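See below for the structure under consideration.
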DNA sequence: GAGGTCATTGTGAGCGCTAACAATTCACGG
DNA sequence: CCGTGAATTGTTAGCGCTCACAATGACCTC
């Protein structure tokens, strides 16, 4: 059944058809208690017959609530941001809110400002920004906006409310796992300096080594892409036999590149070098070898983020601290432990 | 600068401040020609000073246009849907539209219906559905909705307007590439029967073989996941030496699983078995070996989809056929051609 | 300088809904 | 059979904007 392009019926039309006032129709739709059952039934039948739907704009104008939230994101084809976006939308919908998304190619001051303007013109009541880069967080802190903003993935240290996974803890889990397996030291391929998460993971790695009395080796940097991991992997391969036996890579995609470079250099994983990633993308289990990694609970991030934003919108004191941290989880696979199970459950 | 929670200024407030009527303010905002420069400047200054922003709901109510589009999607953490979503949002924003997204876990009749309701309550003027499954397309065709709907990825054969990549052509490119390389026949690991794209790719594969006078071998099925590819790969490994030298896998993730299973079975790629995937996810270049695959232009899909929807909304005759097909592109890498370049440009 | 034209600005009436209040109806005890 | 309070329904007035039209004024032309 396709759509029709006639002028849609209004509440008044329904009221006439049902023989009541428009206000009674409004009451029925609003689930008000004081409506006689017979009346309610008549109204509902009229609504059904006419295919009536409440006009969003009129309602929003009268109530001064659009029940719409905005989300600003970037890199939405990456697993992490995509998962976060999904979780946010789902959580918001569960609360009866609509979500308008703006996906940016780059999170610059300018593009962020335009995104907020665009959403503001769209009447959003609040915005969640998936802003993993420090500069984006700073920009957000500086920009004026007539609604509350919650940052997801921004890390601590700003005065904007936010939710994120505890990256430092994740890095400690990864690094500690490698040390516990007997490695003397752990190398680290970090993400871009600009990214808060990259900084937190690097800090967690460094702190773990230092508490274990180990001098951290040289830190490598990539840009999250498999290619940058591949390049770093080629460099790392040169250190094998000179103290390099374990690498903590700041995300799974770069770890994929590292694995390939090591393989091409004749370095075996995990026998010669153990590798740990971060994110637990769906493919990680099928890398060669399956990748030990750190899983983040994006769904929890989404729920908490929306909850926090709604508290701010309602003017309630937030139910949680203004900065929520979600606990990540280590997933052990064959890239650090040759006896880890195969994808289908059989041992290697 | 955080937000403030005072009652925001209205157009009338601005008008008073600027010493004009509210209508003049409206004209300035609407870029109407007939406003004296001095007046316009005064109004703009007042707007700036008061931090005025036009009220979205009032505007939408008066114009009967929300300038909001809806998108219904599922599996948004997969590369294809995520890319499509991104492209749609970007294209819509370029046209000045806001995009409200609903991401579903499953595309059932019920969830689709709820999604359309949700968007309808949100006042969208039209909806793009990323509906790669046949049942979803059928459901969409049956559901009532007071706005136009465009389907993306649904394939031909329905009476709903839509845009999709020419999957049949993509499959012909992949299969033809393998035949041209001298393979006697090509096996196929297909996606779920339910998916239109899976059916189209299988048909393209079958047609190519048949036009070459080759009897298509047994068809295997997976569910797009690496795990299902891994399982199928184990089965395929059993056919090596009995006529199996080339496999066309319906997506890159399953191809990843196939590669792993083959490797574990001691089968070399591409020397013993050549493998082609579909999608060209960013990781494909870093698989072991780098994967030959078919690239889809999601950005074009997004642009065309939005253009088509806007035509429908405006009541214009669509600028293009009601079903647009975008051409895919073969990307040759080492999984079919051992001399293909390395990620960093050096030959293998 | 009367009359006409054009550019510029103002006025009034909605858009379709909800909130606040007013009016009506009903049940029931005295 | 009437009064009383509660339940139910109706009436009115915006919400903040745009549209259609009216009004004003500036500028020409003859």
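Protein chains in written order, with my numbering: chain A, 15 to 362; chain B, 15 to 362.
C-beta: ideal position from N, C-alpha, C; glycine also.
Since we're looking at a predicted model, the values are computed, not measured.
On the three-state DSSP scale, how would you describe residue i?
i, result
"residue 24 of chain A", "coil"
"residue 320 of chain B", "helix"
"residue 286 of chain B", "coil"
"residue 32 of chain B", "helix"
"residue 348 of chain B", "coil"
"residue 340 of chain B", "strand"
"residue 203 of chain B", "strand"
"residue 309 of chain B", "strand"
"residue 17 of chain B", "At residue 17 of chain B the pLDDT is 43, less than 50, meaning the model places this residue with poor confidence; the figure from the coordinates comes in the next sentence. Coil, per DSSP."
"residue 325 of chain B", "helix"
"residue 315 of chain B", "helix"
Name the two residues that bound the continuous beta strand (DSSP E) containing residue i.
i, result
"residue 343 of chain B", "343-345"
"residue 219 of chain A", "It is not in any beta strand (DSSP E) - residue 219 of chain A instead sits in the alpha helix (DSSP H) that spans 210-225."
"residue 115 of chain A", "112-118"
"residue 83 of chain A", "82-88"
"residue 78 of chain B", "Premise fails: residue 78 of chain B is in no beta strand (DSSP E) and is neither H nor E."
Can you pull the chain B residues whose beta carbon is under 7 Å from the beta carbon of residue i, in chain order?
i, result
"residue 225 of chain A", "Residues of chain B passing the Cβ test: none, with the nearest at roughly 34 Å."
"residue 143 of chain A", "Correct list: empty, because the minimum Cβ distance to chain B is about 13 Å."
"residue 113 of chain A", "114, 115"
"residue 363 of chain A", "As shown, chain A starts at 15 and ends at 362. That puts residue 363 of chain A outside it, with no answer to give."
"residue 93 of chain A", "91"
"residue 350 of chain A", "Chain B residues near residue 350 of chain A: none, gap ~18 Å exceeds 7 Å."
"residue 271 of chain A", "300"
"residue 100 of chain A", "90, 91, 117"
Identify the continuous alpha helix (DSSP H) that holds residue i and give its terminal residues.
i, result
"residue 36 of chain A", "36-43"
"residue 106 of chain B", "93-108"
"residue 235 of chain B", "Here residue 235 of chain B belongs to no alpha helix (DSSP H); instead the beta strand (DSSP E) covers 233-235."
"residue 239 of chain A", "Segment: none, residue 239 of chain A is in no alpha helix (DSSP H) and carries neither H nor E."
Check the Cβ of residue i against every Cβ in chain B and list those closer than 9 Å, keeping chain order.
i, result
"residue 277 of chain A", "302"
"residue 267 of chain A", "296, 297, 300"
"residue 291 of chain A", "Those within 9 Å of residue 291 of chain A in chain B number zero; the least Cβ separation is about 12 Å."
"residue 22 of chain A", "160"
List, in chain order, every chain A residue whose beta-carbon is nearer than 8 Å to that of residue i.
i, result
"residue 132 of chain B", "107, 112"
"residue 307 of chain B", "The premise fails here: residue 307 of chain B is roughly 14 Å from chain A at the closest Cβ pair, so nothing lies under 8 Å."
"residue 240 of chain B", "296, 297, 299, 300, 357"
"residue 26 of chain B", "By Cβ distance, chain A contributes nothing, its closest Cβ being about 15 Å from residue 26 of chain B, past 8 Å."
"residue 67 of chain B", "134, 135, 160"
In chain B, which residues lie less than 8 Å from residue i when you measure between Cβ atoms?
i, result
"residue 337 of chain A", "What residue 337 of chain A touches in chain B: nothing, since even the nearest Cβ is about 15 Å away."
Quick one: list the residues of chain A neighbouring residue i, beta-carbon separation under 7 Å, in chain order.
i, result
"residue 71 of chain B", "71, 74, 75, 80, 137"
"residue 104 of chain B", "117"
Residues of chain A with CB closer than 9 Å to the CB of residue i, please, in chain order.
i, result
"residue 97 of chain B", "90, 91"
Please give the ranges of any beta strand (DSSP E) in the stretch 121-197 of chain A, keeping only runs that are unbroken, at least 3 residues long and fully inside the region. Segments of the beta strand (DSSP E) lying fully in the stretch 121-197 of chain A: 140-144, 163-166, 176-179.
Contact between the stretch 300-309 of chain A and the stretch 61-76 of chain A is defined here as three or more beta-carbon pairs at a separation below 8 Å; is this criterion met? Contact annotation: the stretch 300-309 of chain A does not touch the stretch 61-76 of chain A, with fewer than three C-beta pairs closer than 8 Å.
Whole alpha helix (DSSP H) runs in the stretch 44-72 of chain B with 4 or more residues, listed along the chain? Residue ranges of uninterrupted alpha helix (DSSP H) with 4 or more members, entirely inside the stretch 44-72 of chain B and ordered along the chain, are 51-64.
Identify every run of the alpha helix (DSSP H) within the stretch 256-283 of chain A, keeping only runs that are complete inside it and at least 4 residues long; order them along the chain. Runs of alpha helix (DSSP H) with 4 or more residues, each lying fully within the stretch 256-283 of chain A, are found at 266-278, listed in chain order.
Quick check: the stretch 221-231 of chain A against the stretch 286-301 of chain A, are there 3 or more CB pairs under 8 Å? These segments do not touch.
Cβ contact check for the stretch 207-224 of chain B and the stretch 171-189 of chain B: 3 or more pairs under 8 Å: Counting Cβ pairs under 8 Å, three or more are found: they touch.
For the 8 Å Cβ check, are there 3 or more pairs between the stretch 158-169 of chain B and the stretch 238-254 of chain B? Because the criterion of three Cβ pairs below 8 Å is not met, the stretch 158-169 of chain B and the stretch 238-254 of chain B do not touch.
If we count Cβ pairs, one from each stretch, closer than 8 Å, do we get three or more for the stretch 34-51 of chain B versus the stretch 80-92 of chain B? When Cβ pairs closer than 8 Å are counted between the two stretches, the stretch 34-51 of chain B is seen not to touch the stretch 80-92 of chain B, the count staying below three.
So, does the stretch 112-123 of chain B touch the stretch 336-350 of chain B, judging by three or more C-beta pairs under 8 Å? A contact is defined here as three or more CB-CB pairs under 8 Å, and the stretch 112-123 of chain B fails this definition with respect to the stretch 336-350 of chain B.
If contact is defined by three or more beta carbon pairs under 8 Å, each pair taking one atom from either stretch, is the stretch 323-332 of chain A in contact with the stretch 26-38 of chain B? With a cut-off of 8 Å, the stretch 323-332 of chain A and the stretch 26-38 of chain B do not count as touching, because too few Cβ pairs lie within range.
Across the stretch 130-143 of chain A and the stretch 321-328 of chain A, are there enough close Cβ pairs to call them in contact, namely three or more that are closer than 8 Å? The stretch 130-143 of chain A makes contact with the stretch 321-328 of chain A: 3 or more CB pairs, one atom from each, lie closer than 8 Å.
Taking 8 Å as the threshold, find out whether the stretch 275-285 of chain B comes into contact with the stretch 63-74 of chain B through three or more Cβ pairs. In this structure the stretch 275-285 of chain B does not touch the stretch 63-74 of chain B; the number of beta carbon pairs closer than 8 Å is below three.
Below 8 Å, can you find three or more Cβ-Cβ pairs linking the stretch 243-251 of chain A to the stretch 261-275 of chain A? By the criterion of at least three beta-carbon pairs nearer than 8 Å, the stretch 243-251 of chain A is in contact with the stretch 261-275 of chain A.
Taking 8 Å as the threshold, find out whether the stretch 192-203 of chain B comes into contact with the stretch 259-267 of chain B through three or more Cβ pairs. A contact exists between the stretch 192-203 of chain B and the stretch 259-267 of chain B.
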